[in-house]
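Take a look at the structure below.
6 protein chains.
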Amino acid sequence: MSVRKALWGEKQEAIEESLKAADEDLFRYIRDFAYEEVLARPGLDLKTRELLAITALIALGSPKELATHLEGAFRAGATEREVRETILQSALFLGFPRALAAMRMLEKVLKAHGAPHPREG
Amino acid sequence: MSVRKALWGEKQEAIEESLKAADEDLFRYIRDFAYEEVLARPGLDLKTRELLAITALIALGSPKELATHLEGAFRAGATEREVRETILQSALFLGFPRALAAMRMLEKVLKAHGAPHPREG
Amino acid sequence: MSVRKALWGEKQEAIEESLKAADEDLFRYIRDFAYEEVLARPGLDLKTRELLAITALIALGSPKELATHLEGAFRAGATEREVRETILQSALFLGFPRALAAMRMLEKVLKAHGAPHPREG
Amino acid sequence: MSVRKALWGEKQEAIEESLKAADEDLFRYIRDFAYEEVLARPGLDLKTRELLAITALIALGSPKELATHLEGAFRAGATEREVRETILQSALFLGFPRALAAMRMLEKVLKAHGAPHPREG
Amino acid sequence: MSVRKALWGEKQEAIEESLKAADEDLFRYIRDFAYEEVLARPGLDLKTRELLAITALIALGSPKELATHLEGAFRAGATEREVRETILQSALFLGFPRALAAMRMLEKVLKAHGAPHPREG
Amino acid sequence: MSVRKALWGEKQEAIEESLKAADEDLFRYIRDFAYEEVLARPGLDLKTRELLAITALIALGSPKELATHLEGAFRAGATEREVRETILQSALFLGFPRALAAMRMLEKVLKAHGAPHPREG
Chain A
1 MSVRKALWGE KQEAIEESLK AADEDLFRYI RDFAYEEVLA RPGLDLKTRE LLAITALIAL
61 GSPKELATHL EGAFRAGATE REVRETILQS ALFLGFPRAL AAMRMLEKVL KAHGAPHPRE
121 G
Chain B
1 MSVRKALWGE KQEAIEESLK AADEDLFRYI RDFAYEEVLA RPGLDLKTRE LLAITALIAL
61 GSPKELATHL EGAFRAGATE REVRETILQS ALFLGFPRAL AAMRMLEKVL KAHGAPHPRE
121 G
Chain C
1 MSVRKALWGE KQEAIEESLK AADEDLFRYI RDFAYEEVLA RPGLDLKTRE LLAITALIAL
61 GSPKELATHL EGAFRAGATE REVRETILQS ALFLGFPRAL AAMRMLEKVL KAHGAPHPRE
121 G
Chain D
1 MSVRKALWGE KQEAIEESLK AADEDLFRYI RDFAYEEVLA RPGLDLKTRE LLAITALIAL
61 GSPKELATHL EGAFRAGATE REVRETILQS ALFLGFPRAL AAMRMLEKVL KAHGAPHPRE
121 G
Chain E
1 MSVRKALWGE KQEAIEESLK AADEDLFRYI RDFAYEEVLA RPGLDLKTRE LLAITALIAL
61 GSPKELATHL EGAFRAGATE REVRETILQS ALFLGFPRAL AAMRMLEKVL KAHGAPHPRE
121 G
Chain F
1 MSVRKALWGE KQEAIEESLK AADEDLFRYI RDFAYEEVLA RPGLDLKTRE LLAITALIAL
61 GSPKELATHL EGAFRAGATE REVRETILQS ALFLGFPRAL AAMRMLEKVL KAHGAPHPRE
121 G
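Chains as they are written, first to last, in UniProt numbering: chain A, 1 to 121; chain B, 1 to 121; chain C, 1 to 121; chain D, 1 to 121; chain E, 1 to 121; chain F, 1 to 121.
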């Protein structure tokens, strides 16, 4: 299974259409280099990779891209607890405002999915 | 075992002296809040926490603090491969210059230790 | 009076509900560590602390959290003039785009309050 | 022709009203120092200056100010291709999330203008 | 007294020579716009302005420029305690690594001056 | 001629050895993706690309990588004047401290080369 399939699930087609609409070359680089080359590397499991991605996006303060990787983390098997710990810890390194904004985005992502994710792994 | 003991190992005393010399209250906050409260939380293992810390410090561009957490990651059981994957992946989110600077810092940390860390986990 | 009461005023309950809804542990850390431990320290008055917070939030580019501390600065006794000077000065260190975005957020905060804050202290 | 006229075109009056409403002194600094002193310097053409501004704003993650300079770049003679290359390249230095957010903002700017900009210079 | 005289004291000439050597136009902008226009504005006292500058420089992670403004804060009448509180508070908004790096720079500045600054204001 | 040859000149071998020593995979990505795929794209000349890179690196505050691209800009045909204008302009968007640090790095790069670059293009 491609990394995109694993992380984007049933949204893969919609996400790819949206990326292509933004820029076809950027889409190709994101697909072929970012996802299927770098994120697909062995040596670190996809769940850990998505928790790292969440940390990087909290640092950047990029809410839309953060939402995509919050969903990706859940698809890669992260529990809600692991995602919350990742965000909580980011407060130490990146400050409380960034961590708080990320928690609010997590809230939105969880609400949009209706069914709660399991609190414990 | 305290989180500091686990992550700082034989350097614990030296690190604590250095933190105290910088500011006693900041030292207390780092010890009691950052390490023994937040990093000590269950829900995420210490190795993963240190890989997240490395990502956050690459984002900040803080070389000295990065070195501390590179060593912490190894003490928490991360392989050199896992640390390299963490840094490589950061290039996607934070750009190549930040990833390259982190790899150069990893080089220094590995050299300072003489004995190589195992390449494979 | 607690620091939260001083800075959040009649919005305290609403803000706390909103923080709790985001994450209960993050709420506790913000309440007990950030507000009632660090911001409550003597050695710097609350008004100055809020002007420093505004500067940090301009640097982060965090509009929602900036709004909270703009209101906090006014509750702590800052004049509109002092807040504008704080934002103006940030242009020197953080660039004009960040300062401009902060001024636009100040505009919104002032409008939401209807009554103008006194221009002079 | 003033730099503002060249970069803001028929929107000059609206932009200036909006800046003045935010803060009169900040408006004066942006007009007299940023635009008519620094951006007006010889030694680098306005088109290149706007591509540099786009890069800086991608780094800051400031979408509203980015939109203004995307339009400014087109008024200064940049082709859509040159703007896309500027954004694509930013992925290398600032990461894919920032580049993607900028491409989405470009999409909005292009749509708001109805008529397509020429793809090739 | 000029703002530069107030903040740079006996180092004014050396700092100005060093700025001129870097770039004469940048020197003029820093002197005439940053210092004698913006930082010279009434509405906020110089001590508060320097504490704000310290916060902005902690956010940027710019150690050399931070050292200049740590000294400037002392010349403008800030106590060591006020400077330490400013740095401590920055941990909440910008994370512990940035605050720690700033405390270490403060240590260097204090040592370079030999005589201790008064701990209490 | 490869982009690396054009931008790194006689230092190509040394830079590549240094990159390989840091991490072989990161080296390959920088060589094959960053340089020979993205920076090699038509649509924007190499000189403009290096001025954009300088702006991005000023934003990141990455001095070592900035030095490499300052030299790259000169090899790609930028005049000292164009490089100085690029740095000066960055003060508007990224603040004076970042611009000043970049000018000091330019000073070092120019001194290391002995012969002055032509001031005018």
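Idealized CB from N, CA, C, for every residue including glycine.
| query | result |
| --- | --- |
| By the three-class DSSP mapping on this structure, what secondary structure does residue 197 of chain C have? | Nothing about residue 197 of chain C can be read from this structure; chain C reaches only from 1 to 121. |
| Can you pull out the residues from the segment 9-37 of chain B whose beta carbon lies closer than 7 Å to at least one beta carbon of chain F? | none |
| Tell me whether the segment 18-35 of chain F and the segment 58-67 of chain B touch, counting them as touching only if at least three CB pairs, one residue from each stretch, are closer than 8 Å. | no |
| Using three-state DSSP, classify F/H69 as helix, strand or coil. | helix |
| Can you tell me whether A/D32 sits near the ligand MN, meaning its C-beta is under 8 Å from at least one heavy atom of the ligand? | Among the ligands in the structure shown, none appear at all, so the ligand MN cannot be discussed. |
| Does the Cβ of A/H113 have 16 or more other Cβ atoms within 10 Å, making it buried, or fewer, making it exposed? | exposed |
| Here's the rule I'm using: 16 or more other beta-carbon atoms within 10 Å means buried, otherwise exposed. How should B/A21 be labelled? | exposed |
| Pick helix, strand or coil for C/R41, following the three-state DSSP scheme. | coil |
| Answer yes or no: do C/L52 and E/L51 have a C-beta to C-beta separation smaller than 9 Å? | yes |
| Can you name, in chain order, every residue of its own chain whose Cβ lies under 7 Å from the Cβ of A/M103, other than the five neighbours on each side? | I87 |
| Let me make sure I understand the geometry here. Which of B/K108, B/A14 and B/E82 has the alpha-carbon closest to that of B/R49? | B/E82 |
| Does chain D have any CB closer than 9 Å to the CB of A/S62? | yes |
| Between C/A91 and chain F, is any beta-carbon pair separated by less than 9 Å? | yes |
| Pull up the distance between the alpha-carbon of F/A14 and that of C/A67, whole angstroms please. | 50 Å |
| Alpha carbon to alpha carbon, how far is B/M1 from B/W8? Give it in angstroms, no decimals. | 12 Å |
| At the 9 Å Cβ level, is C/E65 part of the contact set with chain A, yes or no? | yes |
| Listed in chain order, which residues of the segment 45-59 of chain B have Cβ atoms closer than 8 Å to some Cβ of chain E? | A56 and L57 |
| Starting from B/E16, follow the alpha helix (DSSP H) in both directions and report where the run begins and ends. | Q12 to A22 |
| So E/F96 is in the alpha helix (DSSP H); what residue range does that whole segment cover? | F96 to A112 |
| Considering A/R4, what are the terminal residues of the alpha helix (DSSP H) in which it resides? | V3 to W8 |
| Compare the beta carbon distance of A/L92 and B/A76 with 9 Å and say whether it is the shorter of the two. | no |
| Does F/L94 have its Cβ less than 9 Å from a Cβ in chain C? | yes |
| Taking 9 Å as the threshold (beta carbon to beta carbon), is C/P118 in contact with chain E? | With a pLDDT of 49 at C/P118, under the threshold of 50, the modelled position of this residue cannot be trusted; read the value that follows with caution. For C/P118, the answer is no, since every Cβ of chain E falls outside 9 Å of its Cβ. |
| Measuring only between beta-carbons, confirm whether A/A112 sits less than 9 Å from chain C. | no |
| Do D/L94 and B/L100 have their beta-carbon atoms positioned less than 9 Å apart in this structure? | no |
| Roughly how many angstroms separate the alpha carbons of B/R98 and B/S90, rounded to a whole number? | 8 Å |
| Compare the C-beta of E/P97 against all C-beta atoms of chain B and say whether one is closer than 9 Å. | yes |
| Could you tell me whether any Cβ in chain A is nearer than 9 Å to the Cβ of B/T86? | yes |
| Leaving out five residues on either side along the sequence, give the residues of the same chain with a beta carbon under 8 Å from the beta carbon of A/M105. | P63, L66, A67 and L70 |
| In terms of alpha-carbon separation, which member of A/E85, A/K108 and A/F96 lies closest to B/A44? | According to the sequence shown, residue 44 of chain B is Leu rather than Ala. Checking every option, the nearest Cα to that of B/L44 belongs to A/E85. |
| Report yes if the C-beta distance between E/R4 and E/E16 is below 9 Å; otherwise report no. | yes |
| Considering only C-alpha positions, which residue in the set A/F74, A/R41, A/D23 and A/K47 is nearest to D/F96? | A/D23 |
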